[in-house]
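First up is the structure itself, then whatever we jot down about it.
2 protein chains.
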Amino acid sequence: MKVSDNLEVAKNANLQLNYYQKEDQVLLAVDCIIFGFDKKDLKILLIKRNFEPEKGKWSLIGGFLKKNENLDQAAVRVLKTLTGLSDIYMEQLYTYSKVDRDPGQRTISVCYYALIDVDAHNFDGIQIDSASWIELKNAPELIFDHDEMVQKAIARLRRKAMTNPIGFELLPEKFTMRQLQNLYESILDKKLDKRNFINKINSLDVLVKLDEKDMTVSRKGAYLYIFDKEKYEKKVEEDGFNFKI
Amino acid sequence: MKVSDNLEVAKNANLQLNYYQKEDQVLLAVDCIIFGFDKKDLKILLIKRNFEPEKGKWSLIGGFLKKNENLDQAAVRVLKTLTGLSDIYMEQLYTYSKVDRDPGQRTISVCYYALIDVDAHNFDGIQIDSASWIELKNAPELIFDHDEMVQKAIARLRRKAMTNPIGFELLPEKFTMRQLQNLYESILDKKLDKRNFINKINSLDVLVKLDEKDMTVSRKGAYLYIFDKEKYEKKVEEDGFNFKI
DNA sequence: TCAAAAGTGTTCTGTTTACACCCATGG
DNA sequence: CCATGGGTGTAAACAGAACACTTTTGA
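Chains A and B supply the protein sequences, listed in that same order. Numbering-wise, the first sequence is residues 0 to 244 according to numbering that gives the first Met the number 0. Numbering-wise, the second sequence is residues 0 to 244 according to numbering that gives the first Met the number 0.
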C-alpha cells in the first residue's frame with residue numbers, strides 16, 4: 000500500500016467536517032411492523048389508505064426521522080403517535096433504499112418491528128382509524144416494498160424467538176402453557192408436540208408456575224405461568240445460559 | 000377503533016406525496032467493516048486519520064449515499080473506490096443514528112460488512128494509503144461509534160458463518176481442511192477438535208476433494224478442497240438442506 | 001356421563017463430544 | 001531417521017423426536 004499524495008488530499012477533503020455539506024441529503028422514513036398475538040393467531044397492525052394514490056391499499060405505519068432524535072426514538076414516537084402505545088419491545092430490522100421505492104420522493108426507510116400483547120393494551124385510545132389487526136396468514140398485499148419488510152420481519156421473529164425470550168412480549172404477563180405453545184406454533188407456522196414442548200420449556204427453568212388457573216378455556220382449568228426475567232438474566236450473566244427452544 | 004375525522008385529515012396529509020417536502024432531510028453515510036482472513040488470522044481493513052480532528056485515530060472506510068443509487072450500490076462503490084475491489088460479498092448490518100455520533104454534522108450511518116480473501120486480491124492497486132489490515136484481536140480504538148459497529152459485525156459474522164456457507168468467501172477457491180478449521184477458529188475465537196470438525200464438514204457434503212495438495216505448509220502436503228456452490232444450492236432447493244457447523 | 005382440554009414419561013434416534021495413534025515426507 | 005503436520009474412527013453422553021393414556025369438571 001503506497002502513499003499517494005494527491006489521493007491523500009482527496010481523502011482528507013472527504014473527511015473534513017465541512018465537506019459533508021456537498022453531499023446529497025435524503026428523507027429517512029421509519030416504518031413499523033407491529034406484531035400482535037391474539038389468543039391463537041399472530042397478527043400485524045395495518046392501515047388502509049383511503050386516498051389516492053394507492054387508495055384502498057394496505058400499508059405499514061410509518062413516519063419520518065426528525066433532526067433531534069435517533070431512529071429508535073423515531074420508531075417509538077411513530078408507534079406512540081399512531082397507536083397510543085408505549086413501553087413496547089421494538090427492534091431495528093433493516094434499511095430499504097431502492098431508488099424508486101416510494102414514487103413520491105426519494106425516501107430511505109429504516110424498518111422496525113414491535114411485539115405487542117394485544118389484550119393488555121387498551122386500543123380504545125388508538126390514534127388512527129382504518130387501522131386493523133390482520134391475521135398474518137390473511138394479510139393483503141401492501142404498498143411499496145412493505146411486503147418485503149414483513150417477510151424479513153417474520154424471518155427475524157422466527158429466528159429471534161427461538162434463541163431469545165422475546166416471545167413473552169406477545170403474551171399477557173400470566174399465560175398458560177397452551178398459550179405459549181400456540182404462540183410458538185403461530186410464529187413457526189407449524190404444529191409442535193405438546194409433551195416435548197412443555198418438557199423443553201420446563202428444562203429452561205425460567206418460568207414460575209402460579210397457584211392460579213385460567214378457567215376461561217377449559218373446564219379443568221390450566222395453570223398460569225409468568226416469565227421470571229430476573230432469573231433469566233441472572234442465568235445468562237452467571238452461567239452463559241442460552242435460551243433455546 | 001373509531002373513525003375520527005380530524006385525525007383522518009391529519010393522517011391523509013401525512014401520507015400525501017407533497018407532504019414529504021416539509022420533513023427534515025439528513026446525510027446518509029455508508030461505513031464498511033471489511034473482514035479478511037490471512038492464513039491464520041481474521042483481520043479488518045482500517046484507515047488511519049492523519050489530519051484533525053481525531054488525527055492519528057483509526058476508522059472504518061466510508062462514504063455517502065448518492066441520490067441515484069441504493070445503499071447496496073453505495074457500499075459497493077465505497078469499497079471499490081477506496082480499495083479497488085469488486086465482486087465482494089457484502090451484507091447490510093445495521094443503521095446507526097445517535098444524534099451526535101458524528102461531531103461534524105448530523106449523519107446517519109448504514110453499516111455494511113464485507114468478506115474478502117486477502118490473498119486472492121491484488122492490493123497493489125489499492126486506492127487508499129494509510130490503510131492497513133489489522134488483526135481483530137489487536138484492533139485499536141476507532142472513531143465515533145465504529146467500535147460498536149465492529150462488535151456487531153463480529154457477532155453477525157459468527158452467527159452467519161455457523162448457518163450459512165459464507166466462510167468460504169474469506170478463503171481462496173482451493174483450501175485445505177486445516178485452513179477452513181483455522182478460519183472457523185478465528186471467527187469463533189476458540190479451538191475446535193480436528194477430527195470432529197472434519198467429520199462435521201464431510202457430513203455436510205458440499206466440498207469437493209481435489210487430487211491436488213498444498214505442499215507449502217507440511218512435508219506430507221494437505222489435500223485441497225473447493226466449495227461446490229451448485230451442489231449446495233441444489234441441496235437447499237431440493238431438500239431444504241441447512242448448512243450448520 | 002360425556003365432551004373438551006390439561007397434564008404427564010419413556011423409548012428411540014441422531015447428534016455432539018471426547019479422545020490417540022499411524023502416515024508421509026523433506027530435510 | 002526424525003520432526004512436522006496430515007489423516008483417520010469409535011464409544012459415551014446428550015438432545016430431540018415420537019408417541020397415548022388418565023384427569024378434571026361443567027354442561
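Backbone N, C-alpha and C fix where the C-beta goes; we use that ideal spot for every residue, glycine too. Since we're looking at a predicted model, the values are computed, not measured.
Residue environment, residue 10(B), which counts as buried when at least 16 other CB atoms sit within 10 Å: Within the second sequence, residue 10(B) is the residue found at index 11, counting from 1. Reliability fails at residue 10(B), whose pLDDT of 41 lies under 50, so the model's placement of it is uncertain and the value that follows must be treated cautiously. The residue is buried, with at least 16 neighbouring Cβ atoms inside 10 Å.
For residue 218(B), collect the residues of the same chain with a Cβ closer than 7 Å to its Cβ; drop the 5 residues on either side in sequence, then sort them by chain order. For this step, residue 218(B) is matched to residue 219 along the second sequence. Answer for residue 218(B): no residue qualifies.
Do we get a CB-CB distance below 7 Å when we pair residue 116(B) with the residues of chain A? On the second sequence, position 117 is the one that residue 116(B) refers to. Chain A, which has no Cβ nearer than 7 Å to the Cβ of residue 116(B), makes this no.
Can you find the residues in the same chain that come closer than 6 Å, C-beta to C-beta, to residue 47(B), ignoring five residues on each side of it along the sequence? Working through the second sequence from its first residue, we reach residue 47(B) at position 48. If we look at residue 47(B) and ignore the five residues flanking it on each side, its Cβ neighbours are 57, 129.
With distances taken from CA atoms, which of 134(A), 172(A), 107(A), 106(A) is nearest residue 120(A)? Stepping through the first sequence from its first residue, residue 120(A) is reached at position 121. The shortest Cα separation from residue 120(A) among 134(A), 172(A), 107(A), 106(A) belongs to 172(A).
Which residues, in chain order, does the stretch 86-111 of chain A contribute to contact with chain B at a C-beta distance below 9 Å? 91, 93, 94, 95, 96, 97, 98, 100, 101, 102, 103, 104, 105, 106, 107, 109
Within 7 Å, strictly: CB atoms of residue 169(B) and residue 116(B): Position 170 of the second sequence, counted from the first residue, corresponds to residue 169(B). Position 117 of the second sequence, counted from the first residue, corresponds to residue 116(B). The answer is yes: Cβ separation under 7 Å.
Backbone CA spacing between residue 148(A) and residue 32(A) [nearest angstrom]: Indexing the first sequence from 1 puts residue 148(A) at position 149. Indexing the first sequence from 1 puts residue 32(A) at position 33. Straight-line Cα distance between these residues: approximately 8 Å.
For residue 61(B), which of helix, strand or coil comes out of DSSP? Your numbering for residue 61(B) matches position 62 in the second sequence. Reduced to three states, the DSSP call for residue 61(B) is strand.
Range covered by the beta strand (DSSP E) that runs through residue 204(A): Counting from 1 along the first sequence, the entry for residue 204(A) is found at position 205. It is not in any beta strand (DSSP E) - residue 204(A) carries neither H nor E in the DSSP assignment.
Taking only three categories from DSSP, how would you classify residue 245(A)? As shown, chain A starts at 0 and ends at 244. That puts residue 245(A) outside it, with no answer to give.
Just reading off the alpha helix (DSSP H) that residue 80(B) is part of, what are its end residues? What you label residue 80(B) is simply residue 81 of the second sequence in a count that begins at 1. Counting along the chain, the alpha helix (DSSP H) containing residue 80(B) begins and ends at 70-82.
7 Å Cβ cutoff, residue 66(A) in contact with chain B: The count along the first sequence starts at 1 and reaches residue 66(A) at position 67. Cβ-Cβ to chain B under 7 Å: yes for residue 66(A).
Spatial neighbours of residue 25(A) within its chain, please: CB distance less than 8 Å, with the 5 preceding and 5 following residues excluded, ordered by chain position. Position 26 of the first sequence, counting from 1, holds the residue named residue 25(A). Excluding positions up to five away in sequence, the list reads 105, 106, 107.
DSSP beta-bridge partners for residue 41(A)? On the first sequence, residue 41(A) is found 42 positions in, with the first residue counted as 1. DSSP output for residue 41(A) lists 36(A) as bridge partner(s).
Using a Cβ-Cβ distance cut-off of 7 Å, determine whether residue 319(A) contacts chain B. Residue 319(A) lies beyond the residue range present for chain A, which begins at 0 and ends at 244; the question has no answer from this structure.
Would residue 240(A) pass as an interface residue toward chain B - the criterion being a Cβ-Cβ separation below 7 Å? Start at 1 with the first residue of the first sequence, and residue 240(A) comes out as number 241. Chain B, which has no Cβ nearer than 7 Å to the Cβ of residue 240(A), makes this no.
In chain B, which residues lie with their C-beta within 8 Å of the C-beta of residue 69(A)? Reading the first sequence from its first residue, position 70 is the one you call residue 69(A). Going along chain B in sequence order, the residues near residue 69(A) (Cβ under 8 Å) are 96, 97, 98.
Which value, in whole angstroms, describes the spacing of the CA atoms of residue 112(B) and residue 78(B)? Against the second sequence, residue 112(B) aligns to sequence position 113. Against the second sequence, residue 78(B) aligns to sequence position 79. Rounded to whole angstroms, residue 112(B) to residue 78(B) spans 10 Å at the Cα level.
Taking a cut of 9 Å between CB atoms, which residues from the stretch 140-157 of chain A lie near chain B? none
Just curious, the alpha helix (DSSP H) that residue 129(A) is in, first and last residue? Taking the first sequence and counting its residues from 1, the one referred to as residue 129(A) is at position 130. Residue 129(A) -> no alpha helix (DSSP H), and no H or E assigned at all.
Give me the Cα-Cα distance between residue 234(A) and residue 75(B), rounded to the nearest whole angstrom. Within the first sequence, residue 234(A) is the residue found at index 235, counting from 1. Within the second sequence, residue 75(B) is the residue found at index 76, counting from 1. About 42 Å.
Segment limits, beta strand (DSSP E) that includes residue 106(A): Numbered from its first residue, the first sequence carries residue 106(A) at position 107. Per DSSP, residue 106(A) belongs to the beta strand (DSSP E) from 106-116.
Looking only at DSSP bridge pairs, what is residue 88(A) linked to? Working through the first sequence from its first residue, we reach residue 88(A) at position 89. Note: residue 88(A) sits in a beta bridge opposite 114(A).
Could you have a look at residue 133(A) and say whether DSSP puts it in helix, strand or coil? As a first step, residue 133(A) must be located in the first sequence, where it is residue number 134. Note: residue 133(A) maps to strand in three-state DSSP.
Nearest-angstrom Cα distance between residue 59(B) and residue 41(B)? In the second sequence, residue 59(B) corresponds to position 60, counting from 1. In the second sequence, residue 41(B) corresponds to position 42, counting from 1. Their backbone Cα atoms lie some 16 Å apart in a straight line.
For the beta strand (DSSP E) holding residue 225(A), just list the boundary residues, first then last. Translated into positions along the first sequence, residue 225(A) becomes position 226. Taken as a continuous stretch (DSSP letters only), the beta strand (DSSP E) holding residue 225(A) covers 221-226.
Kindly indicate which residue of 165(A), 185(A), 181(A), 70(A) has the alpha-carbon position closest to the one of residue 232(A). In the first sequence, the residue the question calls residue 232(A) occupies position 233. Cα-wise, what sits closest to residue 232(A) is 165(A).
In whole angstroms, give me the CA-to-CA distance for residue 192(B) and residue 174(B). On the second sequence, residue 192(B) is found 193 positions in, with the first residue counted as 1. On the second sequence, residue 174(B) is found 175 positions in, with the first residue counted as 1. So the two alpha carbons sit approximately 18 Å from each other.
Figure out for me which residue from 176(B), 144(B), 154(B) has the closest Cα to the Cα of residue 212(B). Residue numbering aside, residue 212(B) sits at position 213 when the second sequence is read from its first letter. Considering only alpha carbons, the answer is 176(B).
Going by Cα to Cα distance, which pick from 200(B), 162(B), 163(B) is closest to residue 180(B)? Against the second sequence, residue 180(B) aligns to sequence position 181. The residue with the shortest Cα to Cα distance from residue 180(B) is 200(B).
Should residue 178(B) go down as buried or exposed, given a rule of 16 or more other Cβ atoms within 10 Å for buried? As a first step, residue 178(B) is located in the second sequence; it is residue number 179 there, counting from the start. It counts as buried.
Would you tell me roughly how many angstroms separate the C-alpha atoms of residue 55(B) and residue 141(B), rounded to the nearest one? Sequence index remark: in the second sequence, residue 55(B) carries index 56 (1-based). Sequence index remark: in the second sequence, residue 141(B) carries index 142 (1-based). Rounded to whole angstroms, residue 55(B) to residue 141(B) spans 10 Å at the Cα level.
Determine the direct distance from the alpha carbon of residue 159(A) to that of residue 53(B), and round the result to whole angstroms. On the second sequence, residue 53(B) is found 54 positions in, with the first residue counted as 1. On the first sequence, residue 159(A) is found 160 positions in, with the first residue counted as 1. Approximately 38 Å between the Cα atoms of the pair.
Going by beta carbon distance, what residues of the same chain come within less than 7 Å of residue 197(A), once the five residues before and after it are set aside? The count along the first sequence starts at 1 and reaches residue 197(A) at position 198. 176.
Neighbourhood of residue 98(B) by C-beta distance below 7 Å, restricted to the same chain and skipping five residues each side: As a first step, residue 98(B) must be located in the second sequence, where it is residue number 99. Same-chain partners within the cutoff: 105.
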